[in-house]
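Trainee:
Number of protein chains: 2
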Amino acid sequence: MGDNGRVTQETGARRPNIYDVASAAGVSKSLVSLVLRGAPGVSPARRAAVEEAIERLNYRPNRAAATLAGNRSRTIGVVLDDYRNLWFVGLLSGLHEQFAPLGFRVAVADPSFNAHLDRTPVDGLMSLRVDGIVIATEPSEEMFAALDVPAVVAGNRDIPVPGADVVANDDLVGSRLAVEHLVGLGHREIGHVTGGGGAARLRAQGYEAAMRENGLRPHIKEGQGLTMESDGYQASLKLLDQNPSLTAIFAANDTMALGAAGAARDRGRRIPEDLSLIGYDNSPLASANLLRLTTVDGRNEEVGAGAAKALLDRMKDPSAPLRTMLVEPELVIRASTAAVTV
Amino acid sequence: MGDNGRVTQETGARRPNIYDVASAAGVSKSLVSLVLRGAPGVSPARRAAVEEAIERLNYRPNRAAATLAGNRSRTIGVVLDDYRNLWFVGLLSGLHEQFAPLGFRVAVADPSFNAHLDRTPVDGLMSLRVDGIVIATEPSEEMFAALDVPAVVAGNRDIPVPGADVVANDDLVGSRLAVEHLVGLGHREIGHVTGGGGAARLRAQGYEAAMRENGLRPHIKEGQGLTMESDGYQASLKLLDQNPSLTAIFAANDTMALGAAGAARDRGRRIPEDLSLIGYDNSPLASANLLRLTTVDGRNEEVGAGAAKALLDRMKDPSAPLRTMLVEPELVIRASTAAVTV
DNA sequence: TCGTGTTTCTGGAGCGCTCCATTTTTGATT
DNA sequence: AATCAAAAATGGAGCGCTCCAGAAACACGA
Chain P
142 MGDNGRVTQE TGARRPNIYD VASAAGVSKS LVSLVLRGAP GVSPARRAAV EEAIERLNYR
202 PNRAAATLAG NRSRTIGVVL DDYRNLWFVG LLSGLHEQFA PLGFRVAVAD PSFNAHLDRT
262 PVDGLMSLRV DGIVIATEPS EEMFAALDVP AVVAGNRDIP VPGADVVAND DLVGSRLAVE
322 HLVGLGHREI GHVTGGGGAA RLRAQGYEAA MRENGLRPHI KEGQGLTMES DGYQASLKLL
382 DQNPSLTAIF AANDTMALGA AGAARDRGRR IPEDLSLIGY DNSPLASANL LRLTTVDGRN
442 EEVGAGAAKA LLDRMKDPSA PLRTMLVEPE LVIRASTAAV TV
Chain H
142 MGDNGRVTQE TGARRPNIYD VASAAGVSKS LVSLVLRGAP GVSPARRAAV EEAIERLNYR
202 PNRAAATLAG NRSRTIGVVL DDYRNLWFVG LLSGLHEQFA PLGFRVAVAD PSFNAHLDRT
262 PVDGLMSLRV DGIVIATEPS EEMFAALDVP AVVAGNRDIP VPGADVVAND DLVGSRLAVE
322 HLVGLGHREI GHVTGGGGAA RLRAQGYEAA MRENGLRPHI KEGQGLTMES DGYQASLKLL
382 DQNPSLTAIF AANDTMALGA AGAARDRGRR IPEDLSLIGY DNSPLASANL LRLTTVDGRN
442 EEVGAGAAKA LLDRMKDPSA PLRTMLVEPE LVIRASTAAV TV
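Next up, the structure:
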């Protein structure tokens, strides 16, 4: 008993391996391996027999063994910084879209988790023997010290990196889009709220340049912490209090824009009637009906797809010169910006 | 040249393995293995020698080999459903907090990714040879078909599961907290917006029961799709239009509450003056200054910690009876609810 | 000095695959 | 039917570890 038909793994029952499948299908283990990897040059009859045996035994390949034997994991590691900032969602789907058809998996690591076991998330991925790494957080020296496979930095382009290609949206252009949209609506007194972190730095820089080009005086307020909602709120309050003539705020990202919207509400400024507001990222937040936020779309899916391509190129030719690829951002106009009322 | 001091891995240079470390430290590979695993009973002198060699050679253990040889990966897999619904963030940190000290990693899989390579995310984790699985999405039959290690379902408790413990917040109690808070503020006409999915179903059920207990008539409106912002918006619009006398809305989660807030604004209802609003999850969204949303905190960190404990218990004793553990939710009162004005 | 237990250290076997060189089978062409 | 190239299938070696049984080193009292 307990052994009939489809095998339900009971305690102690050894998991079937490639040899079990081979003998069940009446072929060699090597042939099973070929079928598993979808290799060409296997006769349809044998392939079907192997597949049937796999199904019947409820066989699952052991990826640890495959990785060890092949010295490659067919996995791409992605280093994230914070799950709460949703820009990575598009990035992941762009990466996945490119890698999946090639048989590569995408594995995610974030710095806060597993910190006890590895010095950096890169360490963790290295010991998984990933075939490539996408760094979607602010890159640091020690990450690159541990690096041993092709890498590409996605999203951050202000920090010079020793040995990685860079793919990002063009934050400078994005900021210009935002400023010019507001200027086109007649705004002259435009504030910017920002925070720590690479992309934010570039966005502030782009804002400042665009303002000067338009002959306008920049007003930048940096939140205490990073680029969270509360930082956007605090910075916006200060901005509004110090410059009552402000008619528009450009926030370094949508989350900070949410904070800015809170500050506007608390200061009795209606959006967009009394204050235009514009964000960055085109996150799910921006399309919420309460905000209907005009925002800069960094096209993170394209950034992800570009990162995937850069990684694949580098895996083919590790000695090719390092490249930086910039994705052109787009302005998404919703209801949080309006012509300035005199 | 290119061989001085700290070894920077060049193309073609074989990665150091446990034997390289052993001979560099003048010990056996077995001793290196012991040091790597932090085993007791290694003399301080040898331990130091090994650690020095590891550092000098820039050695990284090969987890594939360790997993294969030990027939365990010291990794717990987590199946997520959607990165955009942030309730999982607390869950992950609760899980991690418990597992990290025990030397277990936490690996995340989500259904949409790697779908081409595996039939279910559980398949993917199984071939990684995870030592346990936390299912943080709506469990399905086929997930359990592939299962071969201890599993616990976290967050969803309405679906009966064949072979897994369940840890969740008590949605029925949470809904009651919400309704009673509103009733205490004098509300009688309280609507509920909900959507598809297990937790939502229970929350609606709890709402209905609590309403009836208080002698009130329930008003439930389900969005077209799932439990996203737009579903909350649409359902709330209908609710408000059909029941103009409504003074409060309880949303199945914070994201839907954001949608409800949009609907309220579009119908000229101020929050909380004209309409009280209450959410569920206590996500980062709820604390945003624009919303200051009263919400039910499902205490996801505790759910995560509980799931970890359940999993560890089951790893020790696979034959123990299945358990369901419920975490008591808490009401977080912010500024979106107020006494009803007559 | 010699046991005798305890702690520390070691070599061998084997985990389940991939890769490769080789063998077997197939099928086209004389 | 004989020959030969191409296609399909195979067996062996080895990836880098863990685990285990046993060897070596050490501690301590008789």
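Top line first, the protein sequences correspond to chains P and H. Going by the numbering used here, the first sequence opens with residue 142, and the numbers climb by one from there. Going by the numbering used here, the second sequence opens with residue 142, and the numbers climb by one from there. Cβ atoms here follow ideal geometry from the backbone N, Cα and C, with glycine treated the same way.
Using a cut-off of 8 angstroms between C-beta atoms, extract the partners of T261 of chain P located in chain H.
Mentor: As a working mapping, residue 261 of chain P is identified with position 120 in the first sequence. None at all; the shortest Cβ gap to chain H is about 11 angstroms.
Trainee: Tell me, please, whether the CB atom of G403 of chain P is closer than 7 angstroms to any CB atom in chain H?
Mentor: Residue numbering aside, residue 403 of chain P sits at position 262 when the first sequence is read from its first letter. At least one chain H Cβ lies under 7 angstroms of G403 of chain P.
Trainee: In chain order, which alpha helix (DSSP H) runs of at least 4 residues are fully inside the region 355-384 of chain P?
Mentor: Those alpha helix (DSSP H) runs which fall completely within the region 355-384 of chain P and span 4+ residues are 370-383.
Trainee: Which residues, in chain order, does the region 453-479 of chain P contribute to contact with chain H at a C-beta distance below 7 angstroms?
Mentor: Listed by position, the residues of the region 453-479 of chain P near chain H (Cβ gap below 7 angstroms) are P459.
Trainee: Do the region 423-432 of chain P and the region 238-249 of chain P make contact, defined as three or more Cβ pairs closer than 8 angstroms?
Mentor: Segments in contact, no.
Trainee: What is the DSSP secondary structure of N441 of chain P, counted as helix, strand or coil?
Mentor: The sequence position of residue 441 of chain P within the first sequence is 300, counting from 1. Reduced to three states, the DSSP call for N441 of chain P is helix.
Trainee: Can you check the region 316-356 of chain H for any alpha helix (DSSP H) of at least 4 residues that lies completely inside it and give the ranges in chain order?
Mentor: You should have 339-354.
Trainee: Check whether chain P comes within 7 angstroms of M397 of chain H, counting only Cβ atoms and requiring the distance to be less than that.
Mentor: Counting from 1 along the second sequence, the entry for residue 397 of chain H is found at position 256. No, M397 of chain H lies away from the interface with chain P (no Cβ there is under 7 angstroms from its Cβ).
Trainee: Cα-Cα, which of P:V302, P:N394 and P:R411 is closest to R342 of chain P?
Mentor: On the first sequence, position 201 is the one that residue 342 of chain P refers to. Here the closest residue by C-alpha is P:N394.
Trainee: Does any C-beta atom of chain P lie closer than 7 angstroms to the C-beta of N430 of chain H?
Mentor: Along the second sequence, one-based indexing puts residue 430 of chain H at 289. N430 of chain H counts as touching chain P.
Trainee: Following the continuous beta strand (DSSP E) through G182 of chain P, name the residue where it begins and the one where it ends.
Mentor: Residue 182 of chain P sits at position 41 when you count from the first residue of the first sequence. G182 of chain P -> no beta strand (DSSP E), and no H or E assigned at all.
Trainee: Looking at C-alpha atoms only, which residue of H:S164, H:L266, H:A250 and H:P262 is the closest neighbour of R213 of chain H?
Mentor: For this step, residue 213 of chain H is matched to residue 72 along the second sequence. Cα-wise, what sits closest to R213 of chain H is H:L266.
Trainee: Helix, strand or coil, according to DSSP, for A277 of chain P in the structure here?
Mentor: In the first sequence, counting from the first residue as 1, residue 277 of chain P sits at position 136. Looking at A277 of chain P - three-state DSSP - the assignment turns out to be strand.
Trainee: If we call anything under 7 angstroms between Cβ atoms a contact, is V294 of chain H one with P280 of chain H?
Mentor: The count along the second sequence starts at 1 and reaches residue 294 of chain H at position 153. The count along the second sequence starts at 1 and reaches residue 280 of chain H at position 139. Yes, Cβ-Cβ distance for V294 of chain H and P280 of chain H is below 7 angstroms.
Trainee: For G179 of chain P, which residues from the same chain have a beta carbon less than 8 angstroms from its beta carbon, with the 5 sequence-adjacent residues on both sides left out?
Mentor: Residue mapping note: residue 179 of chain P aligns to position 38 of the first sequence, counting from 1. Around G179 of chain P: G244.
Trainee: May I ask you to verify whether the region 333-347 of chain P touches the region 307-324 of chain P, counting CB pairs closer than 8 angstroms and requiring at least 3?
Mentor: These segments touch.
Trainee: Could you check which residue in P:E370, P:R408, P:I195 and P:M397 has the C-alpha nearest to that of Q383 of chain P?
Mentor: In the first sequence, counting from the first residue as 1, residue 383 of chain P sits at position 242. Q383 of chain P has its Cα closest to that of P:R408, out of P:E370, P:R408, P:I195 and P:M397.
Trainee: In angstroms, rounded to a whole number, what distance separates the CA positions of G445 of chain H and G235 of chain H?
Mentor: The residue you call residue 445 of chain H lines up with position 304 of the second sequence. The residue you call residue 235 of chain H lines up with position 94 of the second sequence. Approximately 4 angstroms, taken between the alpha carbons.
Trainee: May I ask which residues mark the beginning and end of the alpha helix (DSSP H) holding G265 of chain P?
Mentor: Indexing the first sequence from 1 puts residue 265 of chain P at position 124. First-last of the alpha helix (DSSP H) with G265 of chain P: P262 to S268.
Trainee: Check whether the Cβ of M267 of chain P lies closer than 7 angstroms to any Cβ atom in chain H.
Mentor: What you label residue 267 of chain P is simply residue 126 of the first sequence in a count that begins at 1. At least one chain H Cβ lies under 7 angstroms of M267 of chain P.
Trainee: Below 8 angstroms, can you find three or more Cβ-Cβ pairs linking the region 389-404 of chain P to the region 358-371 of chain P?
Mentor: At 8 angstroms Cβ cutoff, the stretches touch.
Trainee: Note down, in chain order, all residues in the region 343-360 of chain H with a beta-carbon under 9 angstroms from any beta-carbon belonging to chain P.
Mentor: Under the 9 angstroms Cβ criterion, the region 343-360 of chain H contributes no residue.
Trainee: How about A309 of chain P and G296 of chain P: are their beta carbons less than 7 angstroms apart?
Mentor: The sequence position of residue 309 of chain P within the first sequence is 168, counting from 1. The sequence position of residue 296 of chain P within the first sequence is 155, counting from 1. Result yes, Cβ atoms of A309 of chain P and G296 of chain P sit closer than 7 angstroms.
Trainee: Check for me: the beta strand (DSSP E) holding A305 of chain H runs from which residue to which?
Mentor: As a first step, residue 305 of chain H must be located in the second sequence, where it is residue number 164. A305 of chain H -> no beta strand (DSSP E), and no H or E assigned at all.
Trainee: Of all the options P:G336, P:P359, P:A401 and P:G325, which has the alpha carbon lying nearest to the alpha carbon of Y374 of chain P?
Mentor: On the first sequence, position 233 is the one that residue 374 of chain P refers to. Taking only the C-alpha atoms, the option nearest Y374 of chain P is P:A401.
Trainee: Whose CA, out of P:A480, P:R156 and P:L452, lies closest to the CA of S496 of chain H?
Mentor: With chain H covering 142 to 483 only, the question about residue 496 of chain H has no answer from this structure.
Trainee: Short of 6 angstroms in beta carbon distance, which residues of its chain neighbour V473 of chain H, apart from the five on each side in sequence? Order them along the chain.
Mentor: As a position in the second sequence, residue 473 of chain H is number 332, starting the count at 1. Once the five neighbours on either side are set aside, the close Cβ partners of V473 of chain H are N423, T436 and D438.
Trainee: Going along the chain, which residues of its own chain have a beta-carbon closer than 6 angstroms to the beta-carbon of E283 of chain P, five neighbours each way excluded?
Mentor: As a first step, residue 283 of chain P is located in the first sequence; it is residue number 142 there, counting from the start. Cβ neighbours of E283 of chain P beyond the five flanking positions: T261.
Trainee: My understanding is that I217 of chain H touches G182 of chain H, with C-beta atoms under 8 angstroms, so please give their C-beta distance in whole angstroms.
Mentor: Taking the first residue of the second sequence as position 1, residue 217 of chain H is located at position 76. Taking the first residue of the second sequence as position 1, residue 182 of chain H is located at position 41. Actually they do not touch by this definition, with Cβ atoms about 27 angstroms apart.
Trainee: Indicate the three-state DSSP secondary structure (helix, strand or coil) for G146 of chain H in the structure shown.
Mentor: For the purposes of this step, residue 146 of chain H is identified with residue 5 of the second sequence, where counting begins at 1. The pLDDT assigned to G146 of chain H is 30, lower than 50, so where the model puts this residue is not dependable, and the model offers no usable value.
Trainee: Three-state secondary structure (DSSP) at A429 of chain H?
Mentor: Along the second sequence, one-based indexing puts residue 429 of chain H at 288. Correct three-state label for A429 of chain H: coil.
Trainee: I'd like the list of long-range same chain contacts for A476 of chain P, defined as Cβ closer than 7 angstroms, with 5 residues on each side in sequence excluded.
Mentor: Numbered from its first residue, the first sequence carries residue 476 of chain P at position 335. Closer than 7 angstroms at Cβ, skipping near neighbours: P413 and R433.
Trainee: What number of angstroms, rounded off, separates the C-alpha of A350 of chain P from the C-alpha of V320 of chain P?
Mentor: For this step, residue 350 of chain P is matched to residue 209 along the first sequence. For this step, residue 320 of chain P is matched to residue 179 along the first sequence. Near 10 angstroms, if we compare the C-alpha coordinates of V320 of chain P and A350 of chain P.
Trainee: Using a Cβ cut-off of 8 angstroms, pull out every chain P residue sitting near Y495 of chain H, in sequence order please.
Mentor: This structure cannot speak to residue 495 of chain H, because chain H is shown only from 142 to 483.
Trainee: Could you have a look at S460 of chain P and say whether DSSP puts it in helix, strand or coil?
Mentor: Here residue 460 of chain P refers to the residue found at position 319 of the first sequence. Looking at S460 of chain P - three-state DSSP - the assignment turns out to be coil, as it is neither helix nor strand.
Trainee: Which one or two residues does DSSP pair with F391 of chain H in a beta bridge?
Mentor: Your numbering for residue 391 of chain H matches position 250 in the second sequence. Its beta-bridge partners are H:H333 and H:I419.
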